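Accompanying notes for the structure given below.
Number of protein chains: 2
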Amino acid sequence: MHNYKYIAMIPARLGSKRIPKKNIRYLLDKPLIQYPIELALSSNRFSGIWVNTESQELGQAAMKLGAQFHRRPASLATDTATNRDFTYEFLQNHPCDYVIMLNTTSPLLRQDTMNRFLDYIDENQFDTVLSVIAEKEETFFQGRPLNFSLTEKVNSQLLEPTEAVVWAMTAWKRASFMEMQEAGINPVFGGRLGRFAIPKDEACDLDTEEDWNIAEGIMTARQQHSERRYMEL
Amino acid sequence: MHNYKYIAMIPARLGSKRIPKKNIRYLLDKPLIQYPIELALSSNRFSGIWVNTESQELGQAAMKLGAQFHRRPASLATDTATNRDFTYEFLQNHPCDYVIMLNTTSPLLRQDTMNRFLDYIDENQFDTVLSVIAEKEETFFQGRPLNFSLTEKVNSQLLEPTEAVVWAMTAWKRASFMEMQEAGINPVFGGRLGRFAIPKDEACDLDTEEDWNIAEGIMTARQQHSERRYMEL
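So the sequence lines, in the order shown, correspond to chains A and B.
Residues in the first sequence are numbered from 18 upward in steps of one, following our numbering.
Residues in the second sequence are numbered from 18 upward in steps of one, following our numbering.
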């Protein structure tokens, strides 16, 4: 068990593309930016909780919600700027053992899952930790069966899972990330790599309007657990 | 364009295991069994819509909802009975070109998607057609990157998708299925195989209580499209 120093970084451009201004758009009763800020605040594991944005207005709104404001250069907030570049610029300014990138587009993430993610990092020595969804389903890749055989049907519980990266939470060891970036190596999947499986209903990534509806639906369903009712036969 | 004769088969045991009696449990305002029956009825493409169950009571309830009742032998309704066996027994009794298996556990399937699935079959000469979810996400399999490289990060739109089989709808050509089964060959993925991608929000498979919450949530969100509201900056 290490006692790493963690800081949270919440990237939040004001000029998002597919869903315009999504970071300030309400998802049910809160703007999207508020979800990861409250999640990080509700934990006592972070030495700092920073919203990384090019926008003075969004930065000030984030401060009202309890976060700190890291103003990213406008050149790192274009559609072509990569997360390795803005993360590197952020890490130059904020010492820590690990930075935990929390995305506003994953508002369904639970406190308990985030704490288990941090425990997993504490218990290991990773350079990068990704959050993934593990799925045990018959899967094709390039038109061919990946984890099953066409000649037999087995219980899906026995299938080897695929693990899809979901970007809800990503951890990078600061020293390794900076070293790789400075050496011209891509640090995003760099070094000793950990994969942490999160529950499927916490993974919704808000890429499209359809995703927005799904997320609102899941969140509503969590709040109003319905009783079990059955048809009479 | 063929004009195949389609019949719908809705398998529905009363004694489900993971979620007890799920087929008669209410999902919002309707029992689960009602969703595929109404979906099939609302189309004019089926020569018959059959609920395939071992239960006299469930069969009669299905008839009240507008379906026909195929009573499956009790020996084909145990936990170890396979869908190839009960589908074969069903096909022995019901002539058609294709049987379309609609699962009660996919209540989010839309009419339009089902019709496009039938069009896809009409336009081809498949023995088996599976419904799949295509996902463009960085995916690991057996601990190794499947469709991406650790040394570069590309836009996820450029990734080759994985396609996971979801069992929302499955089509089998009756003649081929019966021939394979009688020859001792597994017909479930047999012969000329088609894969039909359905939208992600229609794919929820009700395996667990968590899935149940997600499905209720998505369905609620579909009914009450929320207006877009933004935080003031």
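Glycine included, C-beta positions come from ideal geometry on N, C-alpha and C.
Since we're looking at a predicted model, the values are computed, not measured.
Residues of chain B with CB under 7 Å from residue i, in chain order?
{"i": "residue 48 of chain A", "result": "248"}
{"i": "residue 167 of chain A", "result": "206"}
Taking 8 Å as the CB-CB cut-off, is residue i touching chain B?
{"i": "residue 128 of chain A", "result": "no"}
{"i": "residue 43 of chain A", "result": "yes"}
{"i": "residue 149 of chain A", "result": "yes"}
{"i": "residue 212 of chain A", "result": "yes"}
{"i": "residue 152 of chain A", "result": "yes"}
Tell me the rounded alpha-carbon separation between residue i and residue j.
{"i": "residue 101 of chain B", "j": "residue 207 of chain B", "result": "11 Å"}
{"i": "residue 33 of chain B", "j": "residue 40 of chain B", "result": "8 Å"}
{"i": "residue 160 of chain A", "j": "residue 196 of chain B", "result": "25 Å"}
{"i": "residue 177 of chain B", "j": "residue 151 of chain B", "result": "9 Å"}
{"i": "residue 185 of chain B", "j": "residue 130 of chain B", "result": "11 Å"}
{"i": "residue 222 of chain B", "j": "residue 172 of chain A", "result": "15 Å"}
{"i": "residue 11 of chain B", "j": "residue 19 of chain B", "result": "What the structure shows of chain B is the stretch from 18 to 250, and residue 11 of chain B is not part of that stretch, so it cannot be assessed."}
{"i": "residue 145 of chain A", "j": "residue 23 of chain A", "result": "13 Å"}
{"i": "residue 233 of chain B", "j": "residue 232 of chain A", "result": "12 Å"}
{"i": "residue 181 of chain B", "j": "residue 72 of chain B", "result": "31 Å"}
{"i": "residue 229 of chain A", "j": "residue 216 of chain B", "result": "14 Å"}
{"i": "residue 212 of chain A", "j": "residue 49 of chain A", "result": "26 Å"}
{"i": "residue 167 of chain A", "j": "residue 198 of chain B", "result": "14 Å"}
{"i": "residue 138 of chain B", "j": "residue 65 of chain B", "result": "17 Å"}
{"i": "residue 158 of chain B", "j": "residue 158 of chain A", "result": "11 Å"}
{"i": "residue 183 of chain A", "j": "residue 245 of chain A", "result": "31 Å"}
Counting along the chain, where does the alpha helix (DSSP H) carrying residue i start and finish?
{"i": "residue 81 of chain B", "result": "73–81"}
{"i": "residue 194 of chain A", "result": "191–199"}
{"i": "residue 51 of chain B", "result": "51–58"}
{"i": "residue 128 of chain B", "result": "128–139"}
{"i": "residue 211 of chain A", "result": "It is not in any alpha helix (DSSP H) - residue 211 of chain A instead sits in the beta strand (DSSP E) that spans 210–214."}
For residue i, which residues in chain B fall below 9 Å Cβ to Cβ?
{"i": "residue 58 of chain A", "result": "Per Cβ cutoff of 9 Å: no residues; residue 58 of chain A is ~17 Å from chain B at best."}
Determine the extent of the beta strand (DSSP E) in which residue i is found, giving its start and end residues.
{"i": "residue 145 of chain A", "result": "145–152"}
{"i": "residue 262 of chain A", "result": "Given that chain A is displayed from residue 18 to residue 250, the structure contains no residue 262 of chain A and the question cannot be resolved."}
{"i": "residue 119 of chain A", "result": "115–119"}
Under 7 Å Cβ to Cβ from residue i, same chain only, skipping five residues before and after it: list those, please.
{"i": "residue 38 of chain A", "result": "31"}
{"i": "residue 96 of chain B", "result": "34"}
{"i": "residue 153 of chain B", "result": "173, 174, 176 and 178"}
{"i": "residue 218 of chain A", "result": "125 and 235"}
{"i": "residue 140 of chain B", "result": "18"}
Excluding the 5 residues flanking residue i on each side, which residues of the same chain have their C-beta closer than 8 Å to its C-beta?
{"i": "residue 107 of chain B", "result": "26, 67, 69, 87, 89 and 116"}
{"i": "residue 92 of chain B", "result": "98"}
{"i": "residue 63 of chain A", "result": "23, 24, 25, 57 and 117"}
{"i": "residue 224 of chain B", "result": "35, 36 and 122"}
Looking at the C-beta of residue i, does it have a partner C-beta in chain A at a distance below 8 Å?
{"i": "residue 102 of chain B", "result": "no"}
{"i": "residue 75 of chain B", "result": "yes"}
{"i": "residue 234 of chain B", "result": "yes"}
{"i": "residue 227 of chain B", "result": "yes"}
{"i": "residue 237 of chain B", "result": "yes"}
{"i": "residue 27 of chain B", "result": "no"}
{"i": "residue 231 of chain B", "result": "yes"}
{"i": "residue 78 of chain B", "result": "yes"}
{"i": "residue 34 of chain B", "result": "no"}
{"i": "residue 99 of chain B", "result": "yes"}
If you drop the 5 nearest sequence neighbours on each side, which residues of the same chain put their C-beta closer than 6 Å to that of residue i?
{"i": "residue 164 of chain B", "result": "156, 176 and 177"}
{"i": "residue 214 of chain A", "result": "149 and 151"}
Output, in chain order, the set of chain A residues within a Cβ distance shorter than 9 Å of residue i.
{"i": "residue 158 of chain B", "result": "156, 158, 163, 164, 177, 178, 179 and 180"}
Would the beta-carbon of residue i be found less than 7 Å away from any heavy atom of the ligand ATP?
{"i": "residue 113 of chain B", "result": "Looking at this structure, you won't find the ligand ATP or any other ligand, since it has none at all."}
Listing by chain order, which chain B residues have their CB less than 8 Å from the CB of residue i?
{"i": "residue 38 of chain A", "result": "247"}
{"i": "residue 216 of chain A", "result": "227"}
{"i": "residue 170 of chain A", "result": "99, 100, 101, 203, 205 and 206"}
Mind listing the chain A neighbours of residue i? Cutoff is C-beta to C-beta under 7 Å, in chain order.
{"i": "residue 120 of chain B", "result": "Those do not exist, as residue 120 of chain B stays about 13 Å from chain A at its closest Cβ, beyond 7 Å."}
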